[in-house]
Amino acid sequence: MWKLKGSALKLVLTTSTLSLVGLVPFYAGRFQIVLITEMIIWGLLALSFNLLYGYTGMLSFGQSIFFGTGAYFLTYGLQLGAGLPLTLVLVTVSATVLGFLTGSIVIRVKGARFFLVTLVGAILFHLIALDSRWLTGGDDGLVVSAGFLGIVSNYYLVFAIALGVCFVVLILIRSPIGLVLRMIKDNQRRTELLGYWTDGYKILSFSLAAGIAGLAGGLYGFSTGFVSADFFHWSHSADAVIWTILGGSGTVAGPFIGAALLTFLRGTFSSLLGKVYPVLIGALLVVLMIMSPRGFVGALDRAFSCLRNKWWNRS
Amino acid sequence: MNLLVTKNVKVCYDKQLIIHGIDFELEPGEIKGIMGPNGAGKSTFLRTLSGELEPSAGEIYFNGRNLTGEAARVVNRTGISYLPQRPGCFTSLTIRENLQGAAQRDYIFSRRHAETVSNLVELLGFDDNLDLPAGDLSYGEMRVLDLAMALICKPKVLLADEPTAGVSSDTADEIVDLLKLLCDDGYNGEFALQGLIVVEHEKYAAFQMANKIDFFRAGNLVVEDSPSSMAKYPEVAQYLSEHEFE
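Protein chains in written order, with our numbering: chain P, 1 to 315; chain Z, 316 to 561.
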């Protein structure tokens, strides 16, 4: 009964949040719409990292590789006149294939070395993109040639795609494949001993996460109308890690909450606080990690449980 | 034909030779207990049979098939299941998810394993708390859940590494009874084992159920005999007197 009430509460909360976000163009100004579009795209990037870390237990710093790849593939696709829908599909597929190829190599590396290899990979891709000016435009970048849809239409495009991706990730996580991914995160050795080819599942997770990161990169490039080698910078991977951990890893909402919170703080306070801003964010992270290791969603969950218990005791 | 055979198996671990060439045989329907002091190589031998460790020399055959150097997942899929020494259940998942995860290996997109899961739940008495996180279980309950996960794909041979270690005497009795049942009729034949290898540091479980005991010392199989005859070997007798349990 209480479990049912808890689920109903979550459903109400999710529906109202989605409605609130869906109706943003009706009550927010242009600047806010652009900012929230950016938040959703960063949320997608964080969700891709979350699929690796939160559900499969792989701490990867390589998401910027696929983010940059997605952005450039979108530019090339539109330049070739493939049209936006087909280009977005191509972007996702090409990032997934690149994820499969790189994942097949790097997942053999275990533990802290995995994190280092993906970080070095991200740095390497950034340097290659900087050097290949003929292909990427280097620091000067390339202009996305197709016409911009307009702030509101672009917002709904990003919102709809993000909703679709969340839905797919939710289905995946609740499926038997998702269960194996969670088993690997918990105890890879035991999963292998139960007869599973854990490397295969890790490659699958790596490829899908790469596809989502590529899609996020494509959407970001399309929304800003510009892509540059900077899209490959490893700091995008670091941001995805911070957003996910802050929001709550192992949940679909967590990465979006983390990305929204930090993008809002950056947008609001970075100009006011200048160099103090990164210190403030660092301190916030440390405090949150001590108070709630499961991030913002974990803290929210705990607060709900406390409320529910109090309610239960009273009645 | 023997069910499981090892020929001169040697195992190196951290550049040290732990198993010094073991010839071992398990016949169909046999229960073998492996005993010996700490560091004798019992668990290393079992981990080698499970595919978790690769032998540096020698060969392993199961039902005539050469399994030497095969990965743990391949060994598991041929019908050898391994119950690790420490609880190996997934503590962040519920009991139901643990069982489902272990059961769905061969039928990942079908519900064919549902009946097996429910039969095992009934057999082990997990009916009431299937949605509890496995991390909330007591040590003994985790061992039972581990055993359930090892059995759920209906293996032919079970390698049980100290199944009763660290549990209360009541739980130890339950586990021993359960293992006997599995080797006997296997819950109406559904989970019947063709062979069982039990590693025990103390004599309790091994002596309770084994047809034969293998005594390991310093990486060698030094004695093999029936439980009742073990005391006649001086080094075994000395070990048993030091590790009297009951």
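The beta carbon of each residue, even a glycine, is placed where N, CA and C say it ideally should be.
{"Item": "The stretch 26 to 42 of chain P / the stretch 190 to 207 of chain P touching (three or more Cβ pairs under 8 Å)", "Value": "no"}
{"Item": "Met58(P) versus Phe269(P), Thr136(P) and Arg182(P), residue with shortest Cα-Cα distance", "Value": "Arg182(P)"}
{"Item": "Exposed unless 16 or more other CB atoms sit within 10 angstroms - verdict on Val106(P)", "Value": "buried"}
{"Item": "Delimiting residues of the beta strand (DSSP E) encompassing Val537(Z)", "Value": "Asn535 to Asp540"}
{"Item": "Segment contact, 8 Å Cβ cut-off, at least three pairs: the stretch 453 to 460 of chain Z with the stretch 339 to 351 of chain Z", "Value": "no"}
{"Item": "Pairwise C-alpha distance: Leu368(Z) and Gly221(P)", "Value": "48 Å"}
{"Item": "Proximity to Pro370(Z) [Cα-Cα], best of Asn434(Z), Gly356(Z) and Gly510(Z)", "Value": "Gly356(Z)"}
{"Item": "Within chain P, the residues that Ala417(Z) reaches when beta carbons sit closer than 8 Å", "Value": "Leu194"}
{"Item": "Environment of Ala476(Z) [buried if 16+ CB atoms lie within 10 Å]", "Value": "The displayed chain sequence assigns Asp, not Ala, to residue 476(Z). Buried."}
{"Item": "Own chain, CB closer than 7 Å to Gly70(P), minus 5 neighbours either side, in chain order", "Value": "Val91, Ala95, Ala213, Gly214, Leu215, Ala216, Gly217 and Gly218"}
{"Item": "Contact under 8 Å by Cβ, Val194(P) with Ala546(Z)", "Value": "One point to set straight first is that residue 194(P) is Leu, not Val, in the sequence displayed. It is not a contact, given that the beta carbons lie outside the stated cut-off."}
{"Item": "Boundaries (first-last residue) of the beta strand (DSSP E) holding Asp199(P)", "Value": "No beta strand (DSSP E) holds Asp199(P); the alpha helix (DSSP H) holding it covers Thr198 to Thr224."}
{"Item": "Classification of Arg380(Z) by the beta-carbon crowding that lies within 10 angstroms, buried from 16 upward", "Value": "exposed"}
{"Item": "Of the residues Thr268(P), Leu84(P), Asp186(P) and Leu98(P), the one placed nearest Ser407(Z), counting alpha carbons only", "Value": "Asp186(P)"}
{"Item": "Pairwise C-alpha distance: Leu284(P) and Ile184(P)", "Value": "31 Å"}
{"Item": "Test: Val168(P) CB closer than 8 Å to a CB of chain Z", "Value": "no"}
{"Item": "Option in Ser132(P), Val168(P), Ile177(P) and Ile33(P) with minimal Cα separation from Asn154(P)", "Value": "Ile33(P)"}
{"Item": "Nearest-angstrom Cβ-Cβ length linking Thr486(Z) and Ala520(Z), presumed shorter than 8 Å", "Value": "Not a contact, Cβ separation roughly 11 Å."}
{"Item": "C-beta neighbour in chain P for Tyr454(Z), strict 8 Å", "Value": "no"}
{"Item": "Of the residues Phe61(P), Thr263(P) and Val169(P), the one placed nearest Leu51(P), counting alpha carbons only", "Value": "Val169(P)"}
{"Item": "Distance, Ser249(P) Cα to Cys498(Z) Cα", "Value": "44 Å"}
{"Item": "C-alpha distance - His233(P) paired with His126(P), whole-angstrom precision", "Value": "6 Å"}
{"Item": "Chain P residues whose Cβ lies nearer than 7 Å to that of Met464(Z)", "Value": "Leu194"}
{"Item": "Contact residues within the stretch 282 to 301 of chain P, judged by C-beta distance below 9 Å to chain Z", "Value": "none"}
{"Item": "Partner residues on chain P for Gly481(Z), Cβ-Cβ distance less than 7 Å", "Value": "Residues of chain P passing the Cβ test: none, with the nearest at roughly 18 Å."}
{"Item": "Run of the alpha helix (DSSP H) containing Cys498(Z), from where it starts to where it stops", "Value": "Ser484 to Asp499"}
{"Item": "Start-end ranges of the beta strand (DSSP E) lying completely within the stretch 425 to 486 of chain Z, minimum 3 residues", "Value": "472 to 476"}
{"Item": "Expected contact under 8 Å - CB spacing of Thr359(Z) and Val324(Z) to nearest Å", "Value": "Actually they are not in contact, since the Cβ atoms of Thr359(Z) and Val324(Z) sit about 10 Å apart, beyond 8 Å."}
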